[in-house]
Amino acid sequence: MKILLMGHPNVGKSAVFNRLTGAKVTESNYPGTTVDYTKGYMRLEGKDVEIIDVPGTFSLEPKDKAEEVAVKMLKENKDAVVICVIDSVKLERGLYLALEIIEEGYPVVIALNMWDVAEDKNIWIDVEKLEDILGVPVVPTIAVSGKGIKELVSRIKEASPIDIEKIVEKAGGVEQ
Amino acid sequence: MSEEAKFMIGRIYFAIFGLVVLGIGAVEILLGVTGRSLEWGIMEMSGEFLLWRGLILFFAGAFYLSSIKNFADIHQQAKIVMASLMIWIIAGMQIFSMILESIPGGEEGGWFNTFEGFLASYSAPYIPSLFLLPFSLVVLYYIKLQKEAEEPINQWEKEERYE
Amino acid sequence: MKLSVDERWDLIDKIAKQTVKYGVYRHTLKDAIAELTVKPLTGIPFAIAVLYGFWSFFCAFAGFFTDGFFVKLFDNYWLPWLQEVFPGKGGWVYYILVGDPTADNCFEAFGMLTSGLFVAIGVVLPAIIAFYLFLIILEDSGYLPRLAVLIDTALHKIGLHGFAVVPMILSLGCNVPAVAATRTLETRKQRFMMATLLAIFIPCGAQLGIMLEVIPGYVGFVMIYLLVGFFVFGFILNKLIPGRSPEILLDVPPYHMPTARNVRRKLWVRVRSFFTTAIPFVLLGVVIVNLMYLTGFLDWLADVFEPILCGWFGVPKETVGPLIAAFLRKDLAVAQLSAIEMTTYQLVTSVVLVSLYFPCVATFAMLIKEGREGGWKGVAQYLFGSLAALIVVVFLWGGLVHLIWIILGVA
Numbered sequence: 053m054k055i056l057l058m059g060h061p062n063v064g065k066s067a068v069f070n071r072l073t074g075a076k077v078t079e080s081n082y083p084g085t086t087v088d089y090t091k092g093y094m095r096l097e098g099k100d101v102e103i104i105d106v107p108g109t110f111s112l113e114p115k116d117k118a119e120e121v122a123v124k125m126l127k128e129n130k131d132a133v134v135i136c137v138i139d140s141v142k143l144e145r146g147l148y149l150a151l152e153i154i155e156e157g158y159p160v161v162i163a164l165n166m167w168d169v170a171e172d173k174n175i176w177i178d179v180e181k182l183e184d185i186l187g188v189p190v191v192p193t194i195a196v197s198g199k200g201i202k203e204l205v206s207r208i209k210e211a212s213p214i215d216i217e218k219i220v221e222k223a224g225g226v227e228q
Numbered sequence: 116m117s118e119e120a121k122f123m124i125g126r127i128y129f130a131i132f133g134l135v136v137l138g139i140g141a142v143e144i145l146l147g148v149t150g151r152s153l154e155w156g157i158m159e160m161s162g163e164f165l166l167w168r169g170l171i172l173f174f175a176g177a178f179y180l181s182s183i184k185n186f187a188d189i190h191q192q193a194k195i196v197m198a199s200l201m202i203w204i205i206a207g208m209q210i211f212s213m214i215l216e217s218i219p220g221g222e223e224g225g226w227f228n229t230f231e232g233f234l235a236s237y238s239a240p241y242i243p244s245l246f247l248l249p250f251s252l253v254v255l256y257y258i259k260l261q262k263e264a265e266e267p268i269n270q271w272e273k274e275e276r277y278e
Numbered sequence: 050m051k052l053s054v055d056e057r058w059d060l061i062d063k064i065a066k067q068t069v070k071y072g073v074y075r076h077t078l079k080d081a082i083a084e085l086t087v088k089p090l091t092g093i094p095f096a097i098a099v100l101y102g103f104w105s106f107f108c109a110f111a112g113f114f115t116d117g118f119f120v121k122l123f124d125n126y127w128l129p130w131l132q133e134v135f136p137g138k139g140g141w142v143y144y145i146l147v148g149d150p151t152a153d154n155c156f157e158a159f160g161m162l163t164s165g166l167f168v169a170i171g172v173v174l175p176a177i178i179a180f181y182l183f184l185i186i187l188e189d190s191g192y193l194p195r196l197a198v199l200i201d202t203a204l205h206k207i208g209l210h211g212f213a214v215v216p217m218i219l220s221l222g223c224n225v226p227a228v229a230a231t232r233t234l235e236t237r238k239q240r241f242m243m244a245t246l247l248a249i250f251i252p253c254g255a256q257l258g259i260m261l262e263v264i265p266g267y268v269g270f271v272m273i274y275l276l277v278g279f280f281v282f283g284f285i286l287n288k289l290i291p292g293r294s295p296e297i298l299l300d301v302p303p304y305h306m307p308t309a310r311n312v313r314r315k316l317w318v319r320v321r322s323f324f325t326t327a328i329p330f331v332l333l334g335v336v337i338v339n340l341m342y343l344t345g346f347l348d349w350l351a352d353v354f355e356p357i358l359c360g361w362f363g364v365p366k367e368t369v370g371p372l373i374a375a376f377l378r379k380d381l382a383v384a385q386l387s388a389i390e391m392t393t394y395q396l397v398t399s400v401v402l403v404s405l406y407f408p409c410v411a412t413f414a415m416l417i418k419e420g421r422e423g424g425w426k427g428v429a430q431y432l433f434g435s436l437a438a439l440i441v442v443v444f445l446w447g448g449l450v451h452l453i454w455i456i457l458g459v460a
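Protein chains in written order, with the working numbering: chain F, 53 to 228; chain C, 116 to 278; chain H, 50 to 460.
This is the structure we're talking about:
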């Protein structure tokens, strides 16, 4: 099993990554490009699991080289669990990427990062409701201080592929 | 007095107080680095860890000053509480060690101190933090104001607090 | 099924409407302070204030009991009385139990009932109580894990994570529970590194207490010197030892008021274990060193090690006695050093040596126990690994103090 960390640039993805893996990470250059991704290991239920910090991307329709790498990483790791890191302040934009990944059939865990910033801005997200609609684990985190990371890890095992039609149904349908 | 007026007064008060604390801290740092000491009336800046005390006061002063902008905001209020806590640690430990030092009789004396010796342990000069201590207690009033303002939290939000 | 871009945005719109709200809730003061204590810009100055408080409390409390009462009790009453009434002056039993019949203080007498008891009860016990009292309050209030978060960056540089600060701080009380606490670290590499570094570099509360008595003006220097060593050699070990250092996931608990009951209970457990495990070793240490002295073995050892001790470290050859004692109890060793005639700088060097030198026997036993999880091979790895690190450190870091004195022109 592999874990991919995906999300927009600057949502604290690397902070999450550092929290999960510790200091000693092996960095590798992705062949043929100048864009780096970072590989590391984390402990999950007593086993070492490979975790890859994928470059930030806004969507799965790549706009630049970095996003191409991100999409390629996702395609190459069909068996991966994706931790989708979302900036809690910009939930809608983050959800776009998360939904795309879900549609591709990957098991997803959502980390609502920068939860403290959202709190400060009086933005409140009903986590339970969101979980209910999406059918995937949703965990509020503050990666810089490590808050919520433990819960995030403990819920990775709950991730499973979700049919997008179910989400549409739960949310009350979509208009064409 | 209106809420705003209360915070306005606090703002001016802690701006001035912060400057004083910052200044004393800076002087102590300078003395600590150069290894000198200063006595000024009933106040002295000397002794072990002068540099560290100076650093702590300097930062406490800086926290007070940085809280002036948006003073009523909870995060800014937290800063003045923390700065005051730092002064209380220094002053509290100083009082604690003064009390402990006043009790035993000393190397040549008996088991316990004489009454004169006991009183003499509490005489001037004192370190600056002891003078700053009473002025920093004003923060208690603002803690009280915050506590009153914290209620109520509505039900929906209570569920969402994830601590 | 896949959605079109418009459908996806429409779906997100619907989800957001049901889950996102703009509340009126504000942070409580406690939350805001909790945040400030983990943010580096505000957290580090506050940590300095807390550590200053820790140190002041430790000095004041230990000084009150030791200098205020115990020194007087032991030097003016206990020692003269024992010297007076103990039979067989000049005999070896007298020497072992009471020590030097002409001594006028308990540091120099060096008998089991004089120096042994004085060090254990008079100096170390108050230091231990002061240390644990403050530590327990820090633990229970929830500040300790925040300190861990703050120090995270520095520890990451040596392949450890912030939570490793907990064994480090525990170690300042006693290395034995600290080595046990390394179990909370994830990989074998981390555990080995931390246990070794702790055993070598962090002086225990007992040793701190006695250092305050013997070299009050230099305790700060010794502490900083040892801490720098901790990070320098941590960095090197991290590069040398194969294996990984993943993060430990640590949840920061909210602040709350420590309860008196809990503080009392924890303090009692720790003080009790001091009585049962430390005091016997102190007393035994005195007996062994005295026996070695009486048989002439100590003098022989001193001559053998003279080139190293005088040449490399610049300390008198008589320090070989305390170095032997250091294997049993470091506090005892420091007390013994104070009775040897030498310059202050030599004294500081020897105190550093005693700290770096072999972990005390209790810690050593604990290291072996921790190595056992890997079978005999594991024990051997732990033992020889620590030993190799130790020898290198003692020679390099111990020799460096001597070099510093030479450069400063005071050696």
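In this text, a Cβ means the ideal position worked out from N, Cα and C, and glycines have one as well.
How many Å lie between residue i and residue j at the Cα?
| i | j | result |
| --- | --- | --- |
| F:N165 | F:A195 | 7 Å |
| H:E419 | H:I249 | 16 Å |
| C:P219 | C:W226 | 6 Å |
| H:I177 | H:V168 | 12 Å |
| H:F113 | H:L402 | 28 Å |
| H:V54 | F:E155 | 12 Å |
| F:I104 | H:R240 | 25 Å |
| F:E102 | F:G92 | 6 Å |
| H:M391 | H:Y342 | 19 Å |
| H:E377 | F:E97 | Contrary to the premise, residue 377 of chain H reads as Leu rather than Glu in this sequence. Taking the straight line joining both Cα atoms gives about 40 Å. |
| F:M125 | F:V106 | 7 Å |
Would you list the one or two residues that DSSP bridges to residue i?
| i | result |
| --- | --- |
| F:N165 | F:D139 |
| F:I194 | F:K199 |
| H:V403 | In the DSSP output, where bridge partners are listed per residue, H:V403 has none listed. |
| F:D100 | F:R95 |
| F:I177 | H:V69 |
| H:A99 | Just to set this straight, residue 99 of chain H is Val in the shown sequence, not Ala. According to DSSP, H:V99 bridges with nothing at all. |
| H:G148 | H:F159 |
| C:F227 | C:P219 |
Enumerate in chain order the residues of its own chain whose CB-to-CB distance from residue i is below 7 Å, with the five nearest sequence positions on each side excluded.
| i | result |
| --- | --- |
| C:Q270 | Caution is warranted here: a pLDDT of 37 is assigned to C:Q270, below 50, making its placement in the model unreliable, and no coordinate value can be reported. |
| H:I207 | F280, G283, F284, N287 |
| C:F333 | The question about residue 333 of chain C has no answer here: the residues shown for chain C are numbered 116 through 278. |
| H:I25 | Nothing about residue 25 of chain H can be read from this structure; chain H reaches only from 50 to 460. |
| F:R207 | V161, P189, V191 |
| H:L452 | none |
Following the continuous alpha helix (DSSP H) through residue i, name the residue where it begins and the one where it ends.
| i | result |
| --- | --- |
| C:K184 | C:K184 -> no alpha helix (DSSP H), and no H or E assigned at all. |
| H:T420 | One detail in the question is off: residue 420 of chain H reads as Gly in this sequence, not Thr. Its alpha helix (DSSP H) spans residues 410-420. |
| H:L182 | 174-190 |
| C:W115 | Outside the displayed span of chain C (116 to 278) sits residue 115 of chain C, for which this structure offers no information. |
| H:A438 | 424-457 |
| H:P216 | 214-220 |
| H:T245 | 237-250 |
| H:E133 | 128-134 |
| H:V336 | 328-343 |
| F:K218 | 216-223 |
| H:M306 | H:M306 -> no alpha helix (DSSP H), and no H or E assigned at all. |
| H:L85 | 78-87 |
| H:P371 | 369-377 |
| H:P226 | 224-230 |
Residue i lies in the beta strand (DSSP E); which residues open and close that run?
| i | result |
| --- | --- |
| C:Y241 | No beta strand (DSSP E) holds C:Y241; DSSP gives it neither H nor E. |
| F:L57 | 54-59 |
| C:E159 | 158-160 |
Starting from the C-beta of residue i, find all residues in its chain whose C-beta is less than 8 Å away, skip the five residues before and the five after it, and write them out in chain order.
| i | result |
| --- | --- |
| C:K194 | F178, Y179, S181, S182 |
For residue i, I'd like the list of residues in its chain whose CB is within less than 6 Å of its CB, leaving aside the five on either flank, ordered along the chain.
| i | result |
| --- | --- |
| H:L52 | none |
Taking a Cβ distance cut-off of 9 Å, strictly less, list which residues of the segment 81-99 of chain H are near chain C, in chain order.
Hits within the stretch, in order: A81, I82, A83, E84, L85, T86, T91, I93, P94, F95, I97, A98, V99.
Looking at chain H, which residues of the segment 194-205 of chain C have a Cβ within less than 8 Å of any of its Cβ atoms?
Contact residues of the segment 194-205 of chain C toward chain H are K194, V196, M197, L200, M201, I204, I205 (C-beta to C-beta distance below 8 Å).
Against chain H, which members of the segment 162-173 of chain C pass a CB distance test of less than 9 Å?
Within the segment 162-173 of chain C, the residues whose Cβ lies closer than 9 Å to some Cβ of chain H are E163, F164, W167, R168, L170, I171, F173, listed in chain order.
Using a Cβ cut-off of 7 Å, which residues of the segment 117-129 of chain F contact any Cβ in chain H, in chain order?
Shown here is that no member of the segment 117-129 of chain F has a Cβ falling below 7 Å from a Cβ of chain H.
Short-range partners of chain F found in the segment 430-446 of chain H, where Cβ spacing is below 8 Å
From the segment 430-446 of chain H, no residue has a Cβ closer than 8 Å to chain F.
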